[in-house]
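Chemist:
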Amino acid sequence: MRCLHKVTFLLLSTISFTTAQFYFGRNKIQYHPFDWYVLTTPHFEIYYYKEEEELAAAGAFFAEESFSDLEKKFNFTLVQKVPLIFYSSHLHFQQTNTLPYLIPEGIGGFFEFVKGRVVIPYDGSTYQFKRVIKHELVHVFMHSKISQILRLHNIMTYRSPPLWFTEGLAEFWSSGWDSKAEMVIRDALLNDYLVPLDRLDLVTSGFLLYKEGQSFLRFVDSVYGQDKLLLIMEGIWKNNDFYNVIETTVGKDFKEILNEWKYTYKKDIYPLLETKETAQLSSLSLTKQGINSAPVYFSSEEGENVIFLTNRTGYSDIYIHDIHPENRSVKPKLLLQGERQAKLESLHLLQTGIDVNSSGILVFPSKSGATDVLNFFDINQCEMLNTFSHADIVSISSPAWSSEGNRVVFSGSDWRGSQDIYLLDISTMSLTQLTDDFYADRDPTLSPDGRFIVFSSDRGKFGNEGYFNLFLYSPQDSILKKLTEGRFNDISPTWSQKRSDRLAFSSDRDGTHNIWVIDGLMNHLKESPNSQPPESAENGIREPVLLTCLATGAFDPYWCGENDQDLLFTAFENFRFNVHLLENVDTLLSPPERNQIYPFDKHKVMWKRSFLRVKGDKKNFPYKKNYTFDIAQTTVAYDPIFGFLGGAQVTMSDLLGDNYYHFLLFNTAESSSEFLGRFNLAVTRVDLSHRINFAIGLFHFANDYYYSYGYQFFFERRYGAQFALSYPFSVFQRVEASSVAWKTEQDRYFESDPFEAFLVSNSVSYVFDNSIWGPVGPVDGMSVRLTVGRTINFTQSNIYYTGLLGDFRKYFRTSLKTLYALRIMSWINQGEDVYYRFRIGGSWGLRGFKQSEVVGRSFFLINNEFRFPFAQQLLLRFSSFDINISPIRGAIFFDMGNAWYDIPNWKYLYPNRLLKSYGVGFRGNLLGFIVLRLDIGKTTESKGLFTQFFFGWNY
Amino acid sequence: MELLNLRYTLMISVVLAMGIINSSCIGTLIVKNIDANSEDWFTPGGSFERTSHIKSNELIPPLNLAWKKQFNSGVAGQPVIIDGILVVPFLNGELVALRLSDGKKIDRKKFGKSPIEGFTIFGETAYWALRHEKKSYRAFDLINGRYIWKARLGIIESSPAIKEDLLYIGNSDRLFYCLDKKNGKIIWKHRESDRIHVAPVLSSHQVYYCDNEGGIYSRRMTDGKLVWSTFLSPHTPGQPVKPYSYPVISNGQLFITTLDGSVFALDTQDGRTQWSVRIGDPIFASVSIDSFNVYVPASSGKIYSMKKDSGEVNWTYDGETIINTEILISDSLLVASTCRGDIIFLEKSTGNPIWIYTLKHRIVTPPIFAEGYLIISDDNKWIYAFVSAAKETEEQR
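Here the protein sequences line up with chains A and B, keeping their order.
Taking the numbering used here, I'd label the letters of the first sequence as residues 21 to 975.
Taking the numbering used here, I'd label the letters of the second sequence as residues 1157 to 1553.
(1) Report all residues from its chain with a CB closer than 6 Å to the CB of Q114/A; omit the five preceding and five following residues, and keep chain order.
(2) Taking buried to mean at least 16 other C-beta atoms within 10 Å of its own C-beta, is R1347/B buried or exposed?
(3) Determine the closest residue to I127/A out of T118/A, I140/A and K135/A, with distance taken between C-alpha atoms.
(4) Using the rule of at least 16 other Cβ atoms within 10 Å of the residue's Cβ for burial, across every protein chain shown, is K200/A buried or exposed?
(5) Under the three-state reduction of DSSP, which class applies to G373/A: helix, strand or coil?
(6) Note down, in chain order, every chain A residue with its Cβ under 8 Å from the Cβ of K1261/B.
(7) Quick one: what's got a C-beta closer than 8 Å to G380/A's C-beta in the same chain, skipping five residues either side?
(8) In this structure, how does DSSP classify Y121/A when only helix, strand and coil are distinguished?
(9) Quick check: the Cα distance between N1202/B and I1445/B, rounded to an integer number of angstroms?
(10) If you compare alpha carbons, which of F82/A, I169/A and D212/A is closest to K154/A?
(11) Alpha carbon to alpha carbon, how far is L454/A from I499/A? Give it in angstroms, no decimals.
(12) Name the chain A residues that come within less than 9 Å of H1517/B, Cβ to Cβ?
(13) Can you have a look at P464/A and say buried or exposed, based on whether 16 or more other CB atoms are within 10 angstroms of its CB?
(14) So is H344/A buried or exposed if we call it buried at 16+ other beta carbons inside 10 Å?
(15) If you pair each beta-carbon of the region 1203 to 1221 of chain B with each one of the region 1524 to 1542 of chain B, do three or more pairs fall below 8 Å?
(16) Who are S1444/B's beta bridge partners in DSSP?
(17) What are the residues in the region 1424 to 1445 of chain B lying within 8 Å of chain A by C-beta distance?
(18) Kindly give me the distance between the Cβ atoms of D1350/B and D1367/B, rounded to whole angstroms, as I take these residues to be in contact under 8 Å.
(19) Does DSSP put R171/A in a helix, in a strand, or in coil?
(20) So, for P1200/B: in the same chain, excluding its five sequence neighbours on each side, which residues have a beta-carbon less than 7 Å away from its beta-carbon?
(21) What are the start and end residues of the alpha helix (DSSP H) that includes I252/A?
(22) Which term fits H368/A, buried or exposed, when burial requires 16 or more other beta carbons within 10 angstroms of its beta carbon?
(23) From the DSSP output, which residues share a beta bridge with A460/A?
(24) Quick one: what's got a C-beta closer than 7 Å to V808/A's C-beta in the same chain, skipping five residues either side?
(25) Unbroken alpha helix (DSSP H) runs of length 4 or more, entirely within the region 1370 to 1412 of chain B: which are they?
(26) For D1379/B, which residues in the same chain have their Cβ closer than 7 Å to its Cβ, ignoring the five residues on either side in sequence?
(27) If we define contact as Cβ-Cβ less than 9 Å, is K1537/B a contact residue for chain A?
(28) Classify D998/A: buried if its beta carbon has 16 or more other beta carbons within 10 angstroms, exposed otherwise.
(29) How about Y1400/B: is its C-beta nearer than 9 Å to some C-beta of chain A?
(30) Give me the residue from F778/A, S750/A and A744/A with the minimum Cα distance to R737/A.
(31) What would DSSP say about M449/A, mapped onto helix, strand or coil?
(32) Name, going along the chain, the residues of the region 1487 to 1506 of chain B whose beta-carbon falls closer than 9 Å to a beta-carbon of chain A.
(33) Taking the straight line between their C-alpha atoms, what separation do you get for G358/A and E365/A?
(34) What does S1455/B touch in chain A if you count any residue whose Cβ is under 8 Å from its own?
(35) Taking just the CA atoms, how far does G826/A sit from G876/A?
(36) Is there a Cβ from chain A that is less than 9 Å from the Cβ of T1472/B?
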């Protein structure tokens, strides 16, 4: 029965925080009230907002095209229409309420099981959009097909294939094979970190899991036949062990197939070593820790510097590093902190380039509120000079300065999702849009004389197959010409400002990305009259020449040195992105193998995006909220004294997840006469569609409670209404408020007079959280929560209850892997409340004391902890499975605090003094989401050592 | 017909009672001597030629739903219809006999936990495989309600072909067996180059079968001597040609469909490819054949009518969604079922749709027809029986 009470209390408290007001945590902000519409096609319901109407029609076409193909691949069809929700940019996608948590920048779309929704952002590339739609539809088909097979075989539990299979198949059937997959698998084989697939689920790196799965399934498809992937899925009922299903389908031991796969790839890759090099051996690595990208060069009297984006500390920051030979050993310095404040909410690591002009003004994009902005930061003064944003531009990437330092060219996406090239005049802050179409135009770079812009685009002949080639644009006469053409990706061009005949870019034309150089470019452009690029083949340019020759990948080239004789670039090697320096490029550049002229043709439109034309008004209509179940669960319990007890909890929401209804129904009657009076009922409506989230609700609870500290039972009926809201100032900080008005009727069994009151409780909270988390808890940043609440008894016209909470947590990095964590927390309650108590002892609070040992209506607590790495892994290998605790972190701690009942009397339940404890601890991560905690230490109240073992994340 | 059903029901009840008395009995289902040329549907494809061609003229749309019944498991393979009784093998190891006219349950028996695979009735005996049993292949006497024999044949996923006293079946260990159907003893066996998971077909003296890699074999029935073998040649070099469903034989031609979207017509005498057509989309089901034409269900949803002697396309019909089960053909029309749940009646000569009925769930078995009833099942575990309006009226009268 007490368990039931706890359940009721738990549900009550859940309802009290229905606005998703987590204790800490960052905020998902609905910046825009999207005006949603629905487009219905034969197999889909497509949800889009008005600005992306054209995109929705294209998406509808791709979805139907993929549907038709996947029907054949799966030997299956979907009966229900699949809801597809499109966003025209990732920034809009991050606002979706279809998932309750924050969506990282690396997520390119998802399939959500509860309502079968597929949610996809557009990143400017039509091909990528089409690919992601197909990827997610593979998940929909697989989930539906496996469900059908299991249902027909009466297998009640869902047998999900391992993640490497589901994601690998989605990758393989949506994109086949590409240079990124080739790069990762090559790198994994060459650096010996390929993880056996049957242990891949333990690997935290999602990207490796996707690519290994893709590679393995491609191998099975090509060697054992296309039918095998289908037969594996169709045979999932045959065995609980998925690997056994693979073995019986393919007819070989799984480990044997794995070895064949690895051996086959090794045979393909090892010969490459004869001609390919490693980045480590062929160039100078300037970084070692974290992901590093987008290097740019800045020289001043103080030295020669490379400035780059990095997440070496966990946050994305901008660092500066002196690359003068005498100073290279000095560690890079932090130039600008990102991801800690609203203006620099994200620096888009690995998704954008940055640039610096000769005056030392760094230009870089960042997410700031609803959209991206361009930031202008003075490196010499270390101050932010200015920011630029435009109402029509949602996201910004890869800004590049003109050589005079008065103009910036960049790639921007508008509300339609169109990614175009823009030119910003810094002196007037006037913006000119240079391209305006559905093609993805990226990575612009200006010629030294400012007359031409070279950029990467999918507008070429093979753009509809996903290939990006280089194009040259003359802003003066608006002439656009193609510079390269082929089934390969030419990206990140960078024009040498001092050797104007040279353009470096990254291309996967030899299998994976390397740096290539086009020489003699400006000479040809100078020869052309009226600033027009030459049109005849004779006046064309030389073929690109391979500069780096890495087996894995080289990106983000940037010229550097006094005379642009050196080149900076980002190298992918050993599953890391590092900034490298390639010196004396002239000595490495060989003349083109074939000394022929590369065509320099006038550009014409090569392909058009397909659309699904749906006729009739009924196919296209404004979105209407239809509520369907998210959770529907019932509980039936039997108590030997009280008989049968039962209840239900239901949550319903609309398809976009903006509006929720929670229903709770429980009955705690102990006899038939009490049945009507003991209904526990709560209805709450939550609205998440706007920036202000709010919840309103009505409730009636009637229950027996047990007051453990007074050893008393009492009955309470409470009924009333509640209102709560949450307003986020930014992703890091918010204010919360709630108001509850209720009538309470308490029958305290050991007191003669019943208690009745009409109470109104109001509270306000301020929450700040920019902390980042490692495998066992926060590792950097700060979290603050301040709450004040007061309950007034209107029946007796007095203050019934007052509560004050302060919780401050700060994580000080002492090195890249060590930190000092401080928590100062106090909760002061005063008033007539009879049953709420804090228990602060235990592994999460005052260590060394039992949880129920330090109890009170108020408390304060100070935790100090020095955290450091202890061990990489504790692996227990059994014959049929492994237990992997990884990593294990160590801690040295010192805690102090106490709890009390009433401030005026300062009456402690525990000895009337400050309680302290100190010791060492170990925390290990099991399965990625369980943290095991072991603390050994000493308290001021006992002589011996204590040992506490528990579960849970660090504070 | 009502009297006939009553008679069989009574017989079943009697035999069932005998089964209860005799404790070693598993139970009985039906009793009848099967004539392989009868109008019964006793094996996938309707006969051991597996042409899916019925001779009845009772299949006339529009059809009315005679009855429907939901079970707690999916249908394994194809049900059979024997003289007014529908026998359904299930994926949960159950065998259920229903009266064809009204769906009334006659008997149900559970034979194990694994699916009843490759179910076929021939004579008074039913044959099936149980995957997880050591003696995986069984012959069951329908009169006495006992197993006649059990044999260790490994994993078998397909139906047998039977002629006189010999039973032919292939398994996942690449073995093709000829058994004595009376006692299950192996007469001969041969190991082929890959697993055999589709049913064989028979001509007068030879048995024909495919392995998973596209190897086609013709052996003499009596001693297993190889008459010829061949590999299907791909239309695109390097592209494997793999059959997914059983071959079909008709008048000296063997027809095979493959996952790369090809239809092959082979000469049964020497295995020579007479013609082959590549549709392009995977073909998951076998062709259906009448005297002059071949009907091909493609995963694209298209149905092709081709000339039997040349492969020339007569007409196509677009069902708009995947078709992965065999087409049923009568003298004048054909019945196809789409995965989505459509039962489509087409005019055989033109491919024009005559009548379409849509179920609420995905169809998982091909339409089968016998004694005036069209049987089909869906993935919500329903079995539907349709009867032509004319026949229904006649029966009511």
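All C-beta atoms, glycine included, are put in the ideal place defined by N, C-alpha and C.
Modeler: Checking against the coordinates, here is how it stands:
(1) Here residue 114/A refers to the residue found at position 94 of the first sequence. Result list for Q114/A: I123, in chain order.
(2) Position 191 of the second sequence, counting from 1, holds the residue named residue 1347/B. By the 10 Å Cβ count, R1347/B comes out exposed.
(3) Locating residue 127/A in the first sequence gives position 107, counting from the first residue. It is I140/A.
(4) Against the first sequence, residue 200/A aligns to sequence position 180. Classification of K200/A: buried, given that the 10 Å Cβ count is 16 or more.
(5) To locate residue 373/A, count along the first sequence from 1; it is residue 353. It is coil, neither helix nor strand.
(6) Against the second sequence, residue 1261/B aligns to sequence position 105. Neighbours of K1261/B in chain A, taken as residues whose beta carbon is under 8 Å from its own, are absent, since the nearest beta carbon is some 18 Å off.
(7) Looking up residue 380/A in the first sequence gives position 360. So the list reads F318, S320, D398, I399 and N400, once near-sequence residues are dropped.
(8) The count along the first sequence starts at 1 and reaches residue 121/A at position 101. Coil, per DSSP.
(9) The residue labelled residue 1202/B in the question sits at position 46 within the second sequence. The residue labelled residue 1445/B in the question sits at position 289 within the second sequence. Correcting the residue identity first, residue 1202/B is Gly in this sequence and not Asn. About 12 Å.
(10) The residue labelled residue 154/A in the question sits at position 134 within the first sequence. Checked all of F82/A, I169/A and D212/A; the closest Cα to K154/A is F82/A.
(11) By 1-based counting over the first sequence, the position of residue 499/A is 479. By 1-based counting over the first sequence, the position of residue 454/A is 434. Using only the alpha carbons, I get a separation of about 10 Å.
(12) For the purposes of this step, residue 1517/B is taken as residue 361 along the second sequence, with counting starting at 1. What H1517/B touches in chain A, judged by beta-carbon distance under 9 Å, is V99, going in chain order.
(13) Position 444 of the first sequence, counting from 1, holds the residue named residue 464/A. By the neighbour-count rule (16 or more Cβ atoms within 10 Å), P464/A is buried.
(14) The count along the first sequence starts at 1 and reaches residue 344/A at position 324. So H344/A ends up on the exposed side.
(15) Short answer: they touch.
(16) As a working mapping, residue 1444/B is identified with position 288 in the second sequence. Its beta-bridge partners are Y1451/B.
(17) Taking 8 Å as the Cβ-Cβ cut-off against chain A, the residues of the region 1424 to 1445 of chain B that qualify are D1437, P1438 and F1440.
(18) Here residue 1350/B corresponds to residue number 194 of the second sequence, with the count starting at 1. Here residue 1367/B corresponds to residue number 211 of the second sequence, with the count starting at 1. That belief holds up - the Cβ atoms of D1350/B and D1367/B are roughly 4 Å apart, short of 8 Å.
(19) In the first sequence, the residue the question calls residue 171/A occupies position 151. Correct three-state label for R171/A: helix.
(20) The residue labelled residue 1200/B in the question sits at position 44 within the second sequence. If we look at P1200/B and ignore the five residues flanking it on each side, its Cβ neighbours are R1206, G1233, Q1234, S1315, A1355 and Y1402.
(21) Taking the first sequence and counting its residues from 1, the one referred to as residue 252/A is at position 232. Note, I252/A: alpha helix (DSSP H), D247 to E254.
(22) Taking the first sequence and counting its residues from 1, the one referred to as residue 368/A is at position 348. Buried, because 16 or more other Cβ atoms sit within 10 Å of the Cβ of H368/A.
(23) The residue given as residue 460/A occupies position 440 in the first sequence. DSSP, once it has assigned bridges, lists no residue as partnering A460/A.
(24) Numbered from its first residue, the first sequence carries residue 808/A at position 788. Only S783, V784 and L824 meet the Cβ criterion.
(25) none
(26) Against the second sequence, residue 1379/B aligns to sequence position 223. W1344.
(27) In the second sequence, residue 1537/B corresponds to position 381, counting from 1. Yes, because at least one Cβ of chain A sits closer than 9 Å to the Cβ of K1537/B.
(28) Lying outside 21 to 975, the shown extent of chain A, residue 998/A is not represented and no answer is given.
(29) Numbered from 1 along the second sequence, position 244 holds the residue referred to as residue 1400/B. For Y1400/B, the answer is yes, since a Cβ of chain A falls inside 9 Å of its Cβ.
(30) Residue 737/A sits at position 717 when you count from the first residue of the first sequence. Answer by Cα proximity: F778/A.
(31) Along the first sequence, read from residue 1 onward, the residue named residue 449/A stands at position 429. Correct three-state label for M449/A: coil.
(32) T1494, C1495, R1496 and G1497
(33) By one-based count along the first sequence, residue 358/A stands at place 338. By one-based count along the first sequence, residue 365/A stands at place 345. Using only the alpha carbons, I get a separation of about 7 Å.
(34) The sequence position of residue 1455/B within the second sequence is 299, counting from 1. Within chain A, the residues near S1455/B are E91, K92 and N95.
(35) As a working mapping, residue 876/A is identified with position 856 in the first sequence. As a working mapping, residue 826/A is identified with position 806 in the first sequence. Going from the Cα of G876/A to the Cα of G826/A covers about 16 Å.
(36) Residue mapping note: residue 1472/B aligns to position 316 of the second sequence, counting from 1. Output row for T1472/B: interface = no.
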